[in-house]
Amino acid sequence: MTVNTDNSERRVVSVIVVNEASVLSRITNLFSGRGYNITSLTVAPIPDSKYSRLTIVTAGSVRVIEQITKQLHKLIPVLRVYEHDDIVEKEMALVKFSISENITEIDTLCQAYNGKIVNVSESVIITMVADEPKRIENFLQAIKRYNPKEIVRSGAVALER
Amino acid sequence: MQISGAQMVIEALIKEGVDTVFGYPGGAIMNVYDEIYKQDGFKHILNRHEQASIHAAEGYAKASGKVGVAMITSGPGFTNAVTGLADAYMDSIPLVVISGQVPMSLIGTDGFQEIDAIGISRPCTKHNYLVTDAADLPRILKEAFYIARTGRPGPVHVDIPKDITAQIAEFDYDFALELETYKPHVKGNPRQIKKAIDAIANAKRPLFYLGGGIINANASDEVRKLVQITGIPAVETFMARGVLSHEDALLIGMLGMHGSYAANMAMSETDLVIGLGVRFDDRVTGKLSEFAKNADVIHVDIDPASISKLVHADYPIVGDLKNVAGDMLSQVDKINSDKYETWRDTINNFAELHPLTFHEDTQRIKPQWVVKRVGELLGDDANISTDVGQHQMWAAQFYPFSRPRQFISSGGLGTMGFGFPAALGVKAASPEKTSINFTGDGSILMNCQELMTAVEQKIPVINIILNNNYLGMVRQWQTLFYDKRHSETDLSVQPDFVKLSEAFGGIGYRVNTKEEFDAALKDAVEKNVVAFIEVIVHRLENVMPMVPSGGSLFNMMLLEKKETK
Numbered sequence: 001m002t003v004n005t006d007n008s009e010r011r012v013v014s015v016i017v018v019n020e021a022s023v024l025s026r027i028t029n030l031f032s033g034r035g036y037n038i039t040s041l042t043v044a045p046i047p048d049s050k051y052s053r054l055t056i057v058t059a060g061s062v063r064v065i066e067q068i069t070k071q072l073h074k075l076i077p078v079l080r081v082y083e084h085d086d087i088v089e090k091e092m093a094l095v096k097f098s099i100s101e102n103i104t105e106i107d108t109l110c111q112a113y114n115g116k117i118v119n120v121s122e123s124v125i126i127t128m129v130a131d132e133p134k135r136i137e138n139f140l141q142a143i144k145r146y147n148p149k150e151i152v153r154s155g156a157v158a159l160e161r
Numbered sequence: 162m163q164i165s166g167a168q169m170v171i172e173a174l175i176k177e178g179v180d181t182v183f184g185y186p187g188g189a190i191m192n193v194y195d196e197i198y199k200q201d202g203f204k205h206i207l208n209r210h211e212q213a214s215i216h217a218a219e220g221y222a223k224a225s226g227k228v229g230v231a232m233i234t235s236g237p238g239f240t241n242a243v244t245g246l247a248d249a250y251m252d253s254i255p256l257v258v259i260s261g262q263v264p265m266s267l268i269g270t271d272g273f274q275e276i277d278a279i280g281i282s283r284p285c286t287k288h289n290y291l292v293t294d295a296a297d298l299p300r301i302l303k304e305a306f307y308i309a310r311t312g313r314p315g316p317v318h319v320d321i322p323k324d325i326t327a328q329i330a331e332f333d334y335d336f337a338l339e340l341e342t343y344k345p346h347v348k349g350n351p352r353q354i355k356k357a358i359d360a361i362a363n364a365k366r367p368l369f370y371l372g373g374g375i376i377n378a379n380a381s382d383e384v385r386k387l388v389q390i391t392g393i394p395a396v397e398t399f400m401a402r403g404v405l406s407h408e409d410a411l412l413i414g415m416l417g418m419h420g421s422y423a424a425n426m427a428m429s430e431t432d433l434v435i436g437l438g439v440r441f442d443d444r445v446t447g448k449l450s451e452f453a454k455n456a457d458v459i460h461v462d463i464d465p466a467s468i469s470k471l472v473h474a475d476y477p478i479v480g481d482l483k484n485v486a487g488d489m490l491s492q493v494d495k496i497n498s499d500k501y502e503t504w505r506d507t508i509n510n511f512a513e514l515h516p517l518t519f520h521e522d523t524q525r526i527k528p529q530w531v532v533k534r535v536g537e538l539l540g541d542d543a544n545i546s547t548d549v550g551q552h553q554m555w556a557a558q559f560y561p562f563s564r565p566r567q568f569i570s571s572g573g574l575g576t577m578g579f580g581f582p583a584a585l586g587v588k589a590a591s592p593e594k595t596s597i598n599f600t601g602d603g604s605i606l607m608n609c610q611e612l613m614t615a616v617e618q619k620i621p622v623i624n625i626i627l628n629n630n631y632l633g634m635v636r637q638w639q640t641l642f643y644d645k646r647h648s649e650t651d652l653s654v655q656p657d658f659v660k661l662s663e664a665f666g667g668i669g670y671r672v673n674t675k676e677e678f679d680a681a682l683k684d685a686v687e688k689n690v691v692a693f694i695e696v697i698v699h700r701l702e703n704v705m706p707m708v709p710s711g712g713s714l715f716n717m718m719l720l721e722k723k724e725t726k
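Residue numbers (this note's numbering), protein chains in the order written: chain S, 1 to 161; chain E, 162 to 726.
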């Protein structure tokens, strides 16, 4: 026998669950109880069905990820668990800036990341970007010099190809 | 049929074939208890603590193979039951536990005896439900029984608010369940099974590693045949005691922390582990990186999550063991049992080198002798339950188990206080057998109130208290690993156990000699009432051999060869 001691890597796990009370806490309890990581978690109902889809970004060794998918599948309201490499992944972020910042430059940056200015008030502007999580990271680095007041990330959603 | 939620509970239990319910009433579950009063479809046994109700239901389930049922009230009734739920979850025992809850209108208001029961039971049950409409009750109860007994069995908790038990709705129980998201995999993959058989045929030193899953799957007959026909030696886990008979020459013994030297050496030397219904628990494997280091692993289990969780399986087979063992049996002609002759000799040499034994003492009874003696006197006629500690390990090591479901103990959770109430459930399920509970002077006090249940219900459990005036297992670790600092483990201040039993209406014996023990056991069996037999045993006896926590199986602390007094 061999003991697997390989390194932790980022993985995206999609879970289809029956849309019923306390199903989300079953999932999050499982992660906390067994010491698994949740980097981000999104959930929304699947249109015209009794199911919801969760997208969980997690990290772990191959062995841990295998356990996560098996343990998730063991939960009674879980219909399916996907853990693929070949996925399309997107995330959204909202960022608030002071109106006194260079709005033209900010707007140009946002457009480079599939985004735009979505709201302007007397003192602040709010921008939106939607892109791959890694590119969202890049965007957030790039806008640092415009002194963002608040940043909200949606967490990743993913679909296997 | 339009009936109340409380009536639905009764009807559903009867339709599920339940004949015994363990429980304790209280405010939020009163509507259901009112219906229990009116019915005669099943018997209700009133324990004297909710924890004991769950353990009794566990004992009942383990002895009978059926789903155990317990009923409790909200708040403290439920929280008292949590230890039992966790115990059943760890040992894969099928239970349906029904609790009362405050009325829907009070949920979330910190009402009297309100607690988020579903939130608490979630990590220690296979599944749980909060019922919010009586119309859902028939489906939920049917699902609860189905989920509890199928796949890897486990406890299912159903929490019912008081107003739901009063609500009138339509009851129909004769429908087919449709659980789209729960479909246990029961049939083993034929190609994987064939590969496993080929691996066995090619192995030089294969070893059966038998676990409690065999008992859950009622697959002991198939496994006994498999072992016998292949001539491959077998080790049992603590949970698998009785899968093979103690008379089976191929049974090397129990493995693990307090397993026999031969069993642990066999596991260390094998080139193919054939794991059936096991989960590679840390008390079994010791240091994982050294466990069966040179072996490939076949792992058969109904729970896919058990496979390759701790030890990589080269031949994973997900399925019900009765099916898989049956499929394996149909292909065993490929295996030549003569081939393993040398391997069997090697193992026999291990057993001769360090047999599982103990040294007698002229002054005091040795606890191991008590277990052996009960085995000689009662043998197959007794069902054995235990509490947790040294006595538990001695029972597992020295009792001559001859059949599955004979040994009932708290393995995974290690719950002190399990044994006595579990024995009540065992006796209720299997009244024709003598019900013996081996316990210690520490454990017995954790549920001794069950004397009252036993007296009231006339359940003649015989509790054999191996009294060393210590919390023995912790004391043993303190002696060995904490430089003899016996912190808070000296239990010299004790009740009079004889009078304690008598105070409830039971009988009691204090035993100092072997002759007194034989006489006490004979008398207790004849009198057929609940009994405490307190045996004053050697104070400092250790459970040996032993793999120190985190050590390797082949590196055991062994019984000293010479008697030391």
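Glycine residues also receive a C-beta, built at the ideal position from the N, C-alpha and C atoms.
Secondary structure of Gly420(E), DSSP reduced to three states: DSSP, read as helix, strand or coil, puts Gly420(E) in coil.
Segment limits, alpha helix (DSSP H) that includes Arg402(E): Segment: none, Arg402(E) is in no alpha helix (DSSP H) and carries neither H nor E.
Counterpart residues of Thr600(E) in DSSP-defined beta bridges: DSSP output for Thr600(E) lists Ile626(E) as bridge partner(s).
Proximal residues to Thr725(E) (C-beta, below 6 Å), its chain only, five neighbours per side dropped: Any answer about Thr725(E) is weak, because its pLDDT of 48 lies below 50 and its placement is not dependable; what the coordinates show is given next. Excluding residues within five positions, none has a Cβ falling inside 6 Å.
Exposed unless 16 or more other CB atoms sit within 10 angstroms - verdict on Asp294(E): Answer is exposed; the Cβ neighbour count stays below 16.
The region 67-82 of chain S / the region 339-355 of chain E touching (three or more Cβ pairs under 8 Å): The region 67-82 of chain S makes contact with the region 339-355 of chain E, as at least three CB pairs between them are under 8 Å.
Contact with chain S by Leu340(E), beta-carbon distance below 9 Å: Interface residue, yes.
Cross-chain neighbours of His288(E) in chain S, by beta carbon under 7 Å: Result: Ile76.
Stretch-stretch touch, CB-based, cutoff 8 Å, three pairs: the region 461-473 of chain E with the region 592-600 of chain E: Touching, no.
Reduced DSSP secondary structure (H/G/I, E/B, other) of Thr725(E): Summary for Thr725(E): the model assigns pLDDT 48, below 50, so the residue's position carries little reliability; its value from the coordinates is reported in the next sentence. In the structure shown, Thr725(E) sits in coil (DSSP, three-state: anything other than H, G, I, E or B).
Any chain S beta carbon closer than 9 Å to Ser429(E): It does not; no Cβ of chain S falls within 9 Å.
Test: Ile463(E) CB closer than 9 Å to a CB of chain S: Taking CB atoms only, Ile463(E) has no neighbour in chain S less than 9 Å away.
Contact belief for Leu405(E) with Val388(E) at Cβ below 8 Å, rounded distance in angstroms: Their Cβ separation, rounded to whole angstroms, is 6 Å, which keeps Leu405(E) and Val388(E) in contact under 8 Å.
Whole-Å CB distance - Gly447(E) paired with Gly712(E), under 8 Å assumed: At roughly 5 Å, the Cβ-Cβ gap stays under 8 Å, so Gly447(E) and Gly712(E) are in contact.
DSSP bridge partner residues for Thr595(E) (one or two, in chain order): BP columns for Thr595(E) point to Ala543(E).
Residues that DSSP places opposite Ile668(E) in a beta bridge: Within the DSSP bridge table, the entry for Ile668(E) names Ala692(E) as partners.
Under 9 Å by beta carbon: chain E residues contacting Val18(S): Glu341 and Thr342, listed in chain order.
Integer Cβ distance of Arg525(E) from Val698(E), believed to fall under 8 Å: With a Cβ gap of about 6 Å, Arg525(E) and Val698(E) count as contacting.
Option in Val396(E), Asn289(E) and Ser235(E) with minimal Cα separation from Phe273(E): Checking every option, the nearest Cα to that of Phe273(E) belongs to Ser235(E).
Alpha-carbon to alpha-carbon, Ile65(S) and Val3(S): Because the pLDDT of Val3(S) is 45, which lies under 50, any placement of that residue in the model is unreliable, and the number read from its coordinates should be weighed accordingly. For Val3(S) and Ile65(S), the gap between their C-alpha atoms comes out near 15 Å.
Contact set between Ile308(E) and chain S, taken where Cβ atoms lie within less than 8 Å: Those are Ile76, listed as they occur along chain S.
Any C-beta of chain S under 9 Å from that of Ser710(E): No, no contact with chain S.
Same chain, Cβ closer than 6 Å to Ile215(E), neighbours up to 5 away in sequence not counted: Excluding five sequence positions before and after Ile215(E), the CB atoms of its chain that fall closer than 6 Å to its own CB belong to Ala231, Ala242 and Gly245, given in chain order.
Any C-beta of chain E under 9 Å from that of Met1(S): Note that Met1(S) has pLDDT 42, beneath the 50 cutoff, so the model's placement of it is unreliable and no number is given.
Chain S residues whose Cβ lies nearer than 7 Å to that of Ala466(E): Simply Gln67, Lys70, Gln71 and Lys74.
The ligand ATP heavy atom lying under 8 Å from the CB of Ala583(E): As for the ligand ATP, it is missing from this structure, which has no ligand bound.
Where the alpha helix (DSSP H) containing Ser450(E) begins and where it ends: Unbroken run through Ser450(E): none, as it is neither H nor E.
Minimum Cβ-Cβ distance from Ala21(S) to chain E less than 9 Å: Under the Cβ distance rule, Ala21(S) counts among the residues neighbouring chain E, one pair being separated by less than 9 Å.
Cβ neighbours of His407(E) in the same chain (closer than 7 Å, five flanking residues each side left out): Closer than 7 Å at the Cβ level, and outside the excluded window around His407(E), lie Pro561, Phe562 and Ser563.
Residue-level contact to chain S via CB, Thr293(E), 9 Å cutoff: Yes, its Cβ sits closer than 9 Å to a Cβ of chain S.
Chain-ordered chain E contacts of Arg10(S) [CB-CB under 7 Å]: Chain order gives no chain E residues near Arg10(S), where near means a beta carbon separation below 7 Å; the closest approach is about 22 Å.
Selected residue, minimal CA-CA separation from Met92(S), among Ile46(S), Val157(S), Ser100(S) and Glu9(S): Ranked by how close their Cα comes to the Cα of Met92(S), the residues Ile46(S), Val157(S), Ser100(S) and Glu9(S) have Val157(S) in first place.
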